[in-house]
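Presented below is the structure to which this report refers.
Protein chains: 2
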Amino acid sequence: MLAEQRRHQIMLELQRTGQARTTQLAENFGVSEVTIRSDLEILDAKKLLIKTHGGAIALPASSPAAAFEERMNRNFDAKRRIAQMAARQIIDNQSIVFDSGSTLLQVAMQMPPVSNVVVATTAMNIAQHLMYRPGLDVHMIGGRVFPSTVSTIVSDSDKAVGGLVAHQAFLSAHAIDHAFDVVDVSEDIARTKRNLVRMARRVILVADSSKWDIGASSKAFSLSRVDLIITDTGMPHGIRSRLDKLGVEVRYV
Amino acid sequence: MLAEQRRHQIMLELQRTGQARTTQLAENFGVSEVTIRSDLEILDAKKLLIKTHGGAIALPASSPAAAFEERMNRNFDAKRRIAQMAARQIIDNQSIVFDSGSTLLQVAMQMPPVSNVVVATTAMNIAQHLMYRPGLDVHMIGGRVFPSTVSTIVSDSDKAVGGLVAHQAFLSAHAIDHAFDVVDVSEDIARTKRNLVRMARRVILVADSSKWDIGASSKAFSLSRVDLIITDTGMPHGIRSRLDKLGVEVRYV
DNA sequence: TCAATATTTCGATTCCTTTCGTTTTGATCT
DNA sequence: AGATCAAAACGAAAGGAATCGAAATATTGA
Chain A
0 MLAEQRRHQI
10 MLELQRTGQA
20 RTTQLAENFG
30 VSEVTIRSDL
40 EILDAKKLLI
50 KTHGGAIALP
60 ASSPAAAFEE
70 RMNRNFDAKR
80 RIAQMAARQI
90 IDNQSIVFDS
100 GSTLLQVAMQ
110 MPPVSNVVVA
120 TTAMNIAQHL
130 MYRPGLDVHM
140 IGGRVFPSTV
150 STIVSDSDKA
160 VGGLVAHQAF
170 LSAHAIDHAF
180 DVVDVSEDIA
190 RTKRNLVRMA
200 RRVILVADSS
210 KWDIGASSKA
220 FSLSRVDLII
230 TDTGMPHGIR
240 SRLDKLGVEV
250 RYV
Chain B
0 MLAEQRRHQI
10 MLELQRTGQA
20 RTTQLAENFG
30 VSEVTIRSDL
40 EILDAKKLLI
50 KTHGGAIALP
60 ASSPAAAFEE
70 RMNRNFDAKR
80 RIAQMAARQI
90 IDNQSIVFDS
100 GSTLLQVAMQ
110 MPPVSNVVVA
120 TTAMNIAQHL
130 MYRPGLDVHM
140 IGGRVFPSTV
150 STIVSDSDKA
160 VGGLVAHQAF
170 LSAHAIDHAF
180 DVVDVSEDIA
190 RTKRNLVRMA
200 RRVILVADSS
210 KWDIGASSKA
220 FSLSRVDLII
230 TDTGMPHGIR
240 SRLDKLGVEV
250 RYV
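Chains A and B are the protein sequences, given in the same order. All residue numbers in the first sequence are consecutive under numbering that gives the first Met the number 0, ending with 252. All residue numbers in the second sequence are consecutive under numbering that gives the first Met the number 0, ending with 252.
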């Protein structure tokens with residue numbers, strides 16, 4: 000086995016388990032520990048791993064906070080344009096519902112100055128971004144806190160905000176499956192989205208093109224229930240032509 | 000497991016919960032406590048955490064807002080001690096209500112590891128601190144968001160958490176007036192505190208000595224409704240003797 | 001042969017544990 | 001409030017096992 004190939008195998012092992020021991024590697028590859036150490040030294044110099052006493056560990060994994068940043072940065076440009084368009088839908092004297100998610104946080108941050116607007120949201124980060132703004136009344140929708148999205152899970156929307164009927168609801172999607180249903184990873188989240196949809200007369204969905212044609216376990220609501228879809232043009236061609244026939248207003252940014 | 004990886008795991012644990020105990024870590028990793036202590040010493044030297052008696056705590060948040068808040072925070076030491084005592088009241092298999100406020104955020108941060116505990120709170124910062132902790136179910140109590148305390152104002156507690164009856168409620172006070180009523184700056188906040196008090200069978204009030212004998216516009220509830228008061232000894236002498244005659248358990252830290 | 005690669009050897013270093021005497025902490029009792 | 005006591009946590013030291021780096025040596029392939 001070539002030295003280069005052996006190093007590649009070491010990297011694979013590290014990606015699988017997050018760590019590798021010098022002793023183990025030497026035994027597996029049938030070479031001396033000194034050889035393995037020199038491999039690790041070379042890979043460390045290339046910043047591909049971190050050499051430690053006894054072996055090596057993978058590069059520092061991203062923290063929860065960093066993971067959210069990462070999600071935020073994925074498709075960032077499309078999300079920003081989508082958010083800009085969405086934020087323009089908000090006008091004075093309206094009540095609005097915000098779902099959680101990185102795209103909707105963008106929408107909140109790009110919201111123009113308004114007056115006499117009521118915002119209800121399940122997302123703590125959105126609430127915290129909006130609460131200082133003048134002309135805005137922010138309502139946090141209560142429920143069990145879901146860590147990965149920093150938002151609440153709503154069991155009963157009617158109780159949650161005292162029967163508020165909003166003019167518009169802004170929803171995001173974890174994924175949109177082949178049957179044009181907005182789907183998510185858990186029934187809890189799906190139910191929350193259903194409740195949010197029911198709270199508003201007009202439903203706006205923001206979804207960048209990476210969300211299309213992906214399955215997930217729990218259906219939240221059908222695209223036909225949506226009044227306006229804001230997305231970008233990067234989706235597969237077949238999807239787009241079907242979407243245009245659906246009878247729902249779609250804006251591409 | 001490699002030593003370096005173990006240290007990284009310690010850092011992750013600290014980022015999640017804000018603290019870590021030597022005993023717990025030694026048990027989790029299957030190494031001696033001496034080893035953990037040496038790990039903590041090394042990480043402390045790198046300024047990645049602060050080693051303390053019994054374990055380590057995360058570095059204080061360095062955001063401008065947090066720093067400002069901390070600098071403005073008078074009586075920080077007393078609050079920390081009060082919080083420590085309060086956190087010890089929390090045991091497994093309980094449901095707990097948290098009011099908002101800097102002292103109660105401290106309580107949340109100093110909460111020991113627990114299992115099967117349900118926490119309901121109006122404070123977003125408390126919810127965000129607790130949501131990653133294992134053994135905890137965090138419920139955000141919905142309502143209008145009040146910027147200065149980063150918390151919600153509850154109009155109707157029964158609706159807010161589906162009629163949850165908690166074992167204990169931890170309340171803070173903006174001020175306590177001459178008639179031994181907990182008072183606050185607005186009727187909205189006072190009503191919220193009243194609602195939180197009604198939600199629990201046992202009410203614990205945390206209040207450092209600077210809160211005593213100050214008036215405010217809106218009465219929240221009377222001290223006689225409280226089951227346990229945790230405070231420090233810096234209050235005027237006359238207050239203290241009256242307090243001891245009130246028939247409410249008081250602990251001084 | 002030359003250069004890259006791998007191995008062996010060996011003293012130095014790191015890691016981890018056990019032991020032991022000291023300090024801190026929290027609870028109880030005046 | 002102050003004193004007291006036991007449990008928990010601590011630091012320092014010592015020793016053993018694993019690992020390391022460096023240098024000399026052996027192997028491999030053009």
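All C-beta atoms in this analysis are idealised placements derived from N, C-alpha and C, irrespective of residue type, glycine included. What you are looking at is a predicted structure, and each value in this text was computed from that prediction instead of being measured.
Whole-angstrom C-beta distance between residue j and residue i, which should lie under 8 Å
i, j, result
"PRO112 of chain A", "GLY134 of chain A", "7 Å"
"LEU163 of chain A", "SER94 of chain A", "6 Å"
Residue from the options whose Cα sits closest to the Cα of residue i
i, options, result
"PHE145 of chain B", "A:ALA126, A:ALA19, A:HIS52", "A:ALA126"
"ILE9 of chain A", "A:GLY141, A:PHE179, A:THR51, A:ALA55", "A:ALA55"
"ILE90 of chain B", "B:VAL116, B:ARG143, B:GLY142", "B:VAL116"
"ILE228 of chain B", "B:ARG197, B:ASP183, B:ALA215, B:ALA172", "B:ALA172"
"THR102 of chain A", "A:ALA219, A:LEU204, A:LEU222", "A:LEU204"
"GLY263 of chain B", "B:LYS50, B:ASP243, B:TYR251", "Outside the modelled stretch of chain B, which goes from 0 to 252, sits residue 263 of chain B, for which no answer is possible."
"TRP211 of chain B", "B:ASP226, B:ALA178, B:ARG6, B:ALA189", "B:ALA178"
"SER154 of chain A", "A:ILE35, A:ARG190, A:GLN83", "A:ARG190"
"ARG15 of chain B", "B:ILE175, B:ASP183, B:ALA57", "B:ALA57"
"GLY214 of chain B", "B:HIS138, B:ARG6, B:ARG87, B:SER185", "B:SER185"
"MET130 of chain B", "A:HIS128, A:TYR131, A:GLY142", "A:GLY142"
"ARG239 of chain A", "A:MET198, A:GLN4, A:ILE175", "A:ILE175"
"ALA206 of chain A", "A:ILE81, A:THR22, A:ILE35, A:LYS50", "A:ILE81"
Beta-carbon gap between residue i and residue j smaller than 7 Å
i, j, result
"LEU42 of chain B", "GLN18 of chain A", "no"
"SER217 of chain A", "ASP231 of chain A", "no"
"VAL202 of chain A", "ASP226 of chain A", "yes"
"MET123 of chain B", "VAL96 of chain B", "no"
"ALA119 of chain B", "ILE140 of chain B", "yes"
"ALA219 of chain B", "VAL181 of chain B", "yes"
"ARG87 of chain A", "GLY53 of chain A", "no"
Exposed unless 16 or more other CB atoms sit within 10 angstroms - verdict on residue i
i, result
"ALA64 of chain B", "Here ALA64 of chain B scores only 49 on pLDDT, less than 50, and its place in the model is too uncertain to base an answer on."
"ASN194 of chain B", "buried"
"ARG73 of chain A", "Bear in mind that a pLDDT of 49 at ARG73 of chain A, under 50, signals an unreliable position, so the model cannot answer this."
"ALA165 of chain B", "buried"
"ARG200 of chain B", "exposed"
"GLU26 of chain A", "exposed"
"ARG147 of chain B", "Sequence inspection shows Ser at residue 147 of chain B; the Arg mentioned does not correspond to that position. When all chains shown are included, SER147 of chain B counts as exposed."
"SER62 of chain A", "In this prediction, SER62 of chain A scores a pLDDT of 48, lower than 50, which makes its location untrustworthy; no coordinate-derived value is stated."
"ALA44 of chain B", "exposed"
"LYS46 of chain B", "exposed"
"LYS244 of chain B", "exposed"
"HIS7 of chain B", "buried"
"LEU48 of chain A", "buried"
"GLN105 of chain B", "buried"
"MET108 of chain A", "exposed"
"GLU32 of chain B", "exposed"
"GLY100 of chain A", "buried"
"HIS138 of chain B", "buried"
"VAL196 of chain B", "buried"
"LEU170 of chain B", "buried"
"ARG70 of chain B", "Any reading at ARG70 of chain B must be qualified, since the residue scores a pLDDT of 45, below 50, and its modelled position is unreliable; the value itself is stated next. So ARG70 of chain B ends up on the exposed side."
"THR151 of chain A", "buried"
"LEU11 of chain A", "exposed"
"GLU3 of chain B", "buried"
"ASP76 of chain B", "exposed"
"THR121 of chain B", "buried"
Proximity test, residue i beta-carbon vs the ligand GDP heavy atom, cut-off 6 Å
i, result
"SER171 of chain B", "For the ligand GDP, the structure offers nothing, since it holds no ligand at all."
Next item on the list: Return the residues of the stretch 183-195 of chain B that lie within a Cβ-Cβ distance of less than 8 Å from chain A, sorted by chain order.
Entry: none
Next item on the list: Give, in chain order, every residue of the stretch 97-124 of chain A whose Cβ lies closer than 7 Å to some Cβ of chain B.
Entry: MET123
Notebook entry, point to check: Given a limit of 8 Å on CB to CB distance, which residues of the stretch 76-97 of chain A reach chain B?
Noted result: none
Check: Using a beta-carbon distance cut-off of less than 7 Å, what residues from the stretch 132-148 of chain B approach chain A?
Finding: ASP136, VAL137, HIS138, MET139, ILE140, GLY141, GLY142, ARG143, VAL144, PRO146
Notebook entry, point to check: In chain order, what residues of the stretch 196-225 of chain B put their CB closer than 9 Å to some CB of chain A?
Noted result: none
Checklist line | Contact residues within the stretch 10-39 of chain A, judged by C-beta distance below 8 Å to chain B | finding: GLY17, GLN18, ARG20
Notebook entry, point to check: If you measure beta-carbon to beta-carbon, which residues of the stretch 40-54 of chain A are closer than 8 Å to chain B?
Noted result: ILE49, THR51, HIS52, GLY53, GLY54
Next item on the list: With 7 Å as the limit, tell me which residues of the stretch 162-179 of chain B have their beta carbon closer than that to any beta carbon of chain A; keep them in chain order.
Entry: none
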